[in-house]
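If you read the sequences in order, they're chains Z, A, R and V.
Using the working numbering, the first residue of the first sequence is number 267, and each one after it goes up by one.
Using the working numbering, the first residue of the second sequence is number 267, and each one after it goes up by one.
Using the working numbering, the first residue of the third sequence is number 207, and each one after it goes up by one.
Using the working numbering, the first residue of the fourth sequence is number 207, and each one after it goes up by one.
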Amino acid sequence: MTEKKKHSVFIEGPITSAFIADSISKHSKKTTIGGHDIFLGQVRNDIIDNKTVVAIDYSTYNEMAEQKLHEIREAAFANYNLVCMHIYHSLGTVKAGEICLFVFVSSIHRKDAFDACHEIVEQIKADVPIWGKEIFEDASHVWKENKS
Amino acid sequence: MTEKKKHSVFIEGPITSAFIADSISKHSKKTTIGGHDIFLGQVRNDIIDNKTVVAIDYSTYNEMAEQKLHEIREAAFANYNLVCMHIYHSLGTVKAGEICLFVFVSSIHRKDAFDACHEIVEQIKADVPIWGKEIFEDASHVWKENKS
Amino acid sequence: MEINLLAFGQLAEITGKAELRILDVKNTNELNQKLIEQYPKLVAFNYLLAVNKKIVQGNTSLNDKDTVALLPPFSGG
Amino acid sequence: MEINLLAFGQLAEITGKAELRILDVKNTNELNQKLIEQYPKLVAFNYLLAVNKKIVQGNTSLNDKDTVALLPPFSGG
């Protein structure tokens, strides 16, 4: 098994810019890193049937999601030359304009970080059991569905 | 001409995580954005001929760099569906572990942000007149050269 | 025998509960049959089944105490 | 006629100054010739020329008050 540190992926509510800044600054001691690629998913105020999305309420099948994320993580380390990677996803309510997903990939040379980050984000969207309920101003909702 | 806001790309010294956090949080009012891709270049403590790089001292041909960066920016907006983009690069001394490049691309759908961010970083490295002098512990130096 | 059924997202709205006990189903075909009888809305619904956290395709036999999850289309990120 | 020559990075180390006046060169070939006479180390050096902020390839004529920059390989990022 690897020695990569494990922490919970899920965060209650939005991912704050202070949290992201703190993650970035923790990497200043890892001086083999030459590039970081960071993806942030932000909740859009989409208009669906004339109603505006004001928030997304996220839920998950936690045990299965953690297992799937572990597989995604192991595959990324096997396929790319990475120094480290971190994935955080919100649960509960995230308002339009707030951050719900934070994928942070660091490598010696930039290409690994770019390619791995993009692939990880696609895998999270396609394979991890997380559901987003889009909430409108009038408190009605629809269930979001990711397109492949 | 476009209405995209222009600000200076160059920052004296390292780009701090507080600066990055502030940039991220400014985007929470742009609620058409669904994804951000951020690239951060970090100074590595490479070992060259048994000597360890402790910092890079960056200089530029400012007028030409600003013009080239303007072209890169215009091309990215022409070729991708972007909501906004920002480029910051350090001048002067940036120590190993500190951030020297910050490219921040935001779009409605993630693919535009990913593709544009990667392309912009490659163009900055290949086409913008910036030079990095790698400084060793003993204050001697070598000039860095980007590989294509 | 008894299986533990978990329903997520929109499927939990249809079943009315996030967790149910289901008795006497030998495989996923029988389970789907039973669920559709109980919740006719499921017929029109596109979902996957996970048995003990692994997604299964086609008819799969079930054992006592298995956990089966009804997974609507994912929408994380 | 006079051109304004800018030298950057390692090239400024070779010329000893970031900015020089060069007299009586009609084109970039003449300029390169003159520079190599003055700074023999430049022979081995790979650099580009920008005339008024535009990179030029091949021999290019120069006008009075043009700004020519000596650009060593870039290493930003």
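For each residue, glycine too, the CB sits at the ideal point set by N, CA and C.
Just so we're clear, the structure is a prediction, and the values are computed from it rather than from any experiment.
Considering only their Cβ atoms, is the gap separating residue j from residue i smaller than 8 Å?
i: I299(Z); j: V349(Z); result: yes
i: L248(V); j: I220(V); result: yes
i: S356(A); j: I281(A); result: yes
i: G222(R); j: L367(Z); result: no
i: F280(R); j: A362(Z); result: no
i: F214(R); j: W397(Z); result: yes
i: Y324(Z); j: V360(Z); result: yes
i: A287(A); j: A379(Z); result: no
i: S373(A); j: N347(A); result: yes
i: L306(Z); j: I290(A); result: yes
i: S294(A); j: E403(Z); result: no
i: A382(Z); j: M351(Z); result: yes
i: K259(V); j: E329(A); result: yes
i: T326(Z); j: N311(A); result: no
Could you pull the start and end residues of the beta strand (DSSP E) that residue i belongs to?
i: T318(Z); result: K317 to T326
i: N210(V); result: E208 to A213
i: T273(V); result: T273 to L277
i: V257(R); result: L254 to V257
i: L312(A); result: At residue 312(A) the sequence reads Asp, which differs from the Leu that was named. Here D312(A) belongs to no beta strand (DSSP E), and DSSP marks it neither H nor E.
i: I353(A); result: L348 to K361
i: K399(A); result: I396 to F402
Relative to the alpha-carbon of residue i, which residue among the options has its alpha-carbon at the smallest distance?
i: G264(R); options: G215(R), R227(R), N233(R) and A224(R); result: N233(R)
i: K292(A); options: E329(Z), Q308(Z) and S289(Z); result: Q308(Z)
i: V394(Z); options: F380(Z), I353(Z), E364(Z) and T318(Z); result: I353(Z)
i: A251(A); options: A287(A), D312(A), T318(A) and I390(A); result: Only positions 267 to 414 of chain A appear in this structure, which leaves residue 251(A) out of reach.
i: V319(Z); options: T297(Z), S406(Z) and M330(Z); result: S406(Z)
i: E236(V); options: K259(V), F251(V) and T266(V); result: T266(V)
i: G333(A); options: P278(V), D270(V) and A256(V); result: Here the sequence assigns Gln to residue 333(A), which means Gly is not the residue at that position. Minimum Cα distance to Q333(A) is reached at A256(V).
i: E278(Z); options: F285(Z), E411(Z), G358(Z) and E337(Z); result: G358(Z)
i: A335(Z); options: H273(Z), E411(Z) and N412(Z); result: The displayed chain sequence assigns Leu, not Ala, to residue 335(Z). The option with the nearest alpha carbon to L335(Z) is H273(Z).
i: R339(A); options: E388(A), D315(A) and I313(A); result: E388(A)
i: K377(A); options: K413(Z), I314(Z) and F343(Z); result: K413(Z)
Indicate whether at least one CB of chain Z lies closer than 8 Å to the CB of residue i.
i: H336(A); result: no
i: S281(R); result: yes
i: D315(A); result: no
i: S373(A); result: no
i: K399(A); result: no
i: K259(R); result: yes
i: V408(A); result: no
i: I353(A); result: no
i: G363(A); result: yes
Using a beta-carbon distance below 8 Å, is residue i in contact with chain V?
i: Q389(A); result: no
i: I396(A); result: yes
i: L367(A); result: yes
i: G279(A); result: no
i: G307(A); result: yes
i: E411(A); result: yes
Using 8 Å as the limit for Cβ to Cβ distance, is residue i near chain A?
i: Q263(V); result: no
i: G215(V); result: yes
i: D404(Z); result: no
i: L212(V); result: yes
i: L277(V); result: yes
i: L268(V); result: no
i: F380(Z); result: yes
i: A321(Z); result: no
i: G301(Z); result: yes
i: R339(Z); result: no
i: S356(Z); result: no
Under 8 Å between C-beta atoms, does residue i make it to chain R?
i: Y327(Z); result: yes
i: N311(Z); result: no
i: E269(Z); result: For E269(Z), the predicted structure reports a pLDDT of 44, less than 50, and the residue's modelled location is therefore unreliable. A value from the coordinates is still provided. No, because no Cβ of chain R sits closer than 8 Å to the Cβ of E269(Z).
i: A392(Z); result: yes
Grab the span of the alpha helix (DSSP H) containing residue i for me, first residue to last.
i: F380(Z); result: R376 to D393
i: E243(R); result: T234 to Q244
i: F285(A); result: S283 to S291
What does a CB cutoff of less than 7 Å around residue i pick up in its chain, not counting 5 residues either side in sequence?
i: L241(V); result: L248
i: D230(V); result: M207
Tell me which same chain residues have a C-beta within less than 6 Å of the C-beta of residue i, skipping the five on either side of it?
i: I209(V); result: I228, L268, D272 and V274
i: E269(Z); result: Annotation note: pLDDT 44 at E269(Z) (below 50); position unreliable, no value reported.
i: L276(R); result: A213, L217 and Y253
i: I322(Z); result: V309, V360, G398 and E400
i: P278(V); result: G215, Q216, L217 and Y253
Kindly indicate if chain B contains any beta-carbon less than 8 Å away from that of residue i.
i: A250(V); result: Of the protein chains in the structure, Z, A, R and V, none is chain B.
Using 7 Å as the cut-off, classify the Cβ of residue i as near or not near the heavy atoms of the ligand SAH, replying yes or no.
i: S274(A); result: As presented, the structure is devoid of all ligands, the ligand SAH included, so that no description of it is given.
Excluding five sequence neighbours on each side, which residues of the same chain lie with their C-beta closer than 8 Å to the C-beta of residue i?
i: H375(A); result: G300, G301 and N347
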